[in-house]
Amino acid sequence: MSRRKPTRRDTLKYGGAVAAGLGLAGCSNFVDSSGSEQATGTPGGPYSVTIPPTGEVTFESVPETWVAENASWADMGVALGADKPSAVVLTGEYRTWHYDDIPGLSPSKDGITSLWQDGITKERFYDIDAGVHFIDPNYMTNLIPNWEQADVDDISENVAPLCGNTSFSTYPWHDSYPYFSLYEATEKVAQVFQRTARFDALQTLHDETITGIQDRLPPENDRPEIALLSPGSTEPEQFYPYRLGDRTAYKQWRDLGVSDALAGSDIQSFTSDRGTIDYEPLLDIDPEVLMFYTDEHRTASDFRDTYLAFMREHSTASQLTAVQNGDVYPAGGMYQGPIINLSKTERAATQLFPDEFDRNEELFDRQRVGDIVNGDL
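If you're matching positions, the sequence shown starts at 2 in the working numbering and goes up one per residue.
Right under this line is the structure:
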């Protein structure tokens with residue numbers, strides 16, 4: 002396949018890798034007199050953002066199209082008012098139903114391409130021709146078959162840079178550079194899209210929301226231990242276990258102060274060893290609450306009629322305290338940006354603390370989220 006040099010290459014300069022831990026290189030931000038958000042330097046002129054492990058990337062203009070590694074990065078861009086990404090690695094993991102009750106946001110995924118189609122090819126990147134890829138280059142070379150550094154360099158030089166940071170879980174190939182918190186990553190996206198005023202508003206809303214929730218939580222000793230699992234089917238006999246950690250996938254559990262029921266056991270996280278467990282080790286631990294990552298969105302009643310109903314009839318599962326008490330709940334997926342995190346935190350709070358939060362109570366301001374997305378600050 003012949004390679005062309007896109008015209009974007011004339012307007013985007015790609016910096017090489019830099020040492021881990023670098024922050025934004027001299028890039029404070031401001032809102033100009035017209036109300037548009039700009040980066041340091043001549044208004045409307047070049048600006049640079051540093052995102053480890055990639056390094057510094059200099060933009061001559063704001064990218065108009067973009068690609069996200071996963072739903073976390075997709076949600077970050079959407080929360081800042083960007084159009085939905087041209088592509089994500091797996092569209093099925095982008096749980097846009099969280100946008101259902103946000104004014105002005107649509108859950109539609111029309112026009113979003115799944116990069117993964119029995120693998121990921123370089124040709125797909127060329128066909129999409131995005132202005133920036135929020136994808137960790139090490140994610141591509143370590144987790145995507147048949148990708149090498151030369152392939153990353155090809156796409157970075159001839160289409161647009163890969164400048165994400167895989168921070169939803171922990172990986173050994175990530176040891177040489179820092180992970181981002183959810184809002185650290187979102188701030189990088191805001192700097193790329195020059196929407197830092199919206200980022201500031203999102204962070205303020207988040208901080209106020211989480212503080213309001215935490216002020217109502219019961220004492221730490223009265224908070225439950227949860228087992229976070231992905232069932233192998235709707236009639237599960239096997240589960241993929243996940244250990245609560247300090248990455249973005251587990252932010253809502255940390256904010257709610259719940260404990261990992263699998264702590265102290267020899268059960269490893271699926272992200273570490275790709276292992277599964279059955280009911281016997283769960284019965285030994287007997288978690289207070291079971292939280293399930295599931296492939297699709299289900300209403301509370303549909304979830305109970307599917308998973309909980311099966312487990313109550315199962316000879317072993319029915320012995321679990323969580324099953325007997327009906328404390329088996331949907332946990333959504335692993336990926337979350339600012340909007341999805343607010344939605345998931347609200348749902349988890351009402352599931353785990355029914356004495357403190359009514360099941361139908363809204364714990365974050367939907368209209369305010371919609372206003373921020375729309376730039377009404």
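No residue lacks a Cβ here, since even glycine has one placed at the ideal position from N, Cα and C.
Check                                                                                                                                                                                     : Outcome
Is DSSP giving residue 134 helix, strand or coil here?                                                                                                                                    : strand
Measure the CB-CB distance between residue 106 and residue 89 and report whether it falls below 8 Å.                                                                                      : no
Which complete alpha helix (DSSP H) runs does the segment 236-264 hold, if anything under 4 residues is left out?                                                                         : 252-257
DSSP on residue 95, reduced to helix/strand/coil?                                                                                                                                         : coil
Do you know offhand how far residue 181's Cα is from residue 276's?                                                                                                                       : 26 Å
What did DSSP end up calling residue 48 once you bin it into helix, strand or coil?                                                                                                       : strand
Counting along the chain, where does the alpha helix (DSSP H) carrying residue 230 start and finish?                                                                                      : Run containing residue 230: none in the alpha helix (DSSP H); it sits in the beta strand (DSSP E), 226-232.
Distance check for residue 200 and residue 189, CA to CA, integer angstroms please.                                                                                                       : 10 Å
Looking at the unbroken beta strand (DSSP E) that takes in residue 77, where does it start and where does it end?                                                                         : Not the beta strand (DSSP E): residue 77 falls in the alpha helix (DSSP H), residues 72-80.
Let me check understanding here. Comparing Cα to Cα, which of 339, 355, 350 and 235 lies closest to residue 103?                                                                          : 339
For residue 330, collect the residues of the same chain with a Cβ closer than 6 Å to its Cβ; drop the 5 residues on either side in sequence, then sort them by chain order.               : 292 and 352
Tell me, please, whether the segment 223-241 touches the segment 360-369 by the rule of three or more beta-carbon pairs shorter than 8 Å.                                                 : no
Can you list, in chain order, the stretches of the beta strand (DSSP E) that have 3 or more residues and sit fully within the segment 141-207?                                            : none
State the DSSP-derived secondary structure class of residue 69, mapped to helix, strand or coil.                                                                                          : strand
For residue 35, count the other beta carbons within 10 Å of its own beta carbon; 16 or more makes it buried, fewer makes it exposed. Which is it?                                         : Low confidence applies to residue 35: its pLDDT is 31, below 50, so where it sits in the model is not reliable enough to give any reading.
Of all Cβ atoms in chain C, is any one closer than 8 Å to the Cβ of residue 142?                                                                                                          : The structure shown has no chain C; it contains just one protein chain.
Measuring CB atoms only, is the segment 63-76 touching the segment 117-136, in the sense that at least three cross pairs come out at less than 8 Å?                                       : yes
Can you tell me which of the three DSSP states residue 212 falls into?                                                                                                                    : helix
Could you work out which residue in 357, 171, 302 and 314 is closest to residue 244 when comparing CA atoms only?                                                                         : 171
Along the beta strand (DSSP E) that carries residue 333, what are the first and last residues, could you check?                                                                           : 329-333
Determine whether the beta carbon atoms of residue 297 and residue 258 lie at a separation below 8 Å.                                                                                     : no
Does DSSP classify residue 336 as helix, strand or coil?                                                                                                                                  : coil
Classify residue 120: buried if its beta carbon has 16 or more other beta carbons within 10 angstroms, exposed otherwise.                                                                 : exposed
Helix, strand or coil: how does DSSP classify residue 115 here?                                                                                                                           : strand
If you follow the beta strand (DSSP E) that residue 58 is part of, which residue opens it and which one closes it?                                                                        : 56-60
Just the Cα atoms here: how many angstroms apart are residue 289 and residue 249?                                                                                                         : 23 Å
Considering only their Cβ atoms, is the gap separating residue 138 from residue 55 smaller than 8 Å?                                                                                      : yes
Classify residue 195: buried if its beta carbon has 16 or more other beta carbons within 10 angstroms, exposed otherwise.                                                                 : buried
Could you name the residues of the same chain whose beta carbon sits closer than 7 Å to that of residue 108, not counting the 5 residues immediately before and after it, in chain order? : 97, 98, 100 and 101
Measuring straight from C-alpha to C-alpha, what distance separates residue 344 and residue 278?                                                                                          : 29 Å
Put residue 83 into one of helix, strand or coil per three-state DSSP.                                                                                                                    : coil
Can you say whether residue 270 is buried or exposed, counting buried as having 16 or more other CB atoms within 10 angstroms of its CB?                                                  : buried
DSSP has residue 218 in a bridge; who is on the other side?                                                                                                                               : Partner(s): none; residue 218 has no beta bridge.
By the 10 Å Cβ neighbour count, where 16 or more other Cβ atoms means buried, how is residue 144 classified, buried or exposed?                                                           : exposed
How would you write the range of the beta strand (DSSP E) that residue 100 sits in, first residue to last?                                                                                : Taken as a continuous stretch (DSSP letters only), residue 100 belongs to no beta strand (DSSP E), as it is neither H nor E.
Using the C-alpha atoms, what's the distance from residue 334 back to residue 61?                                                                                                         : 36 Å
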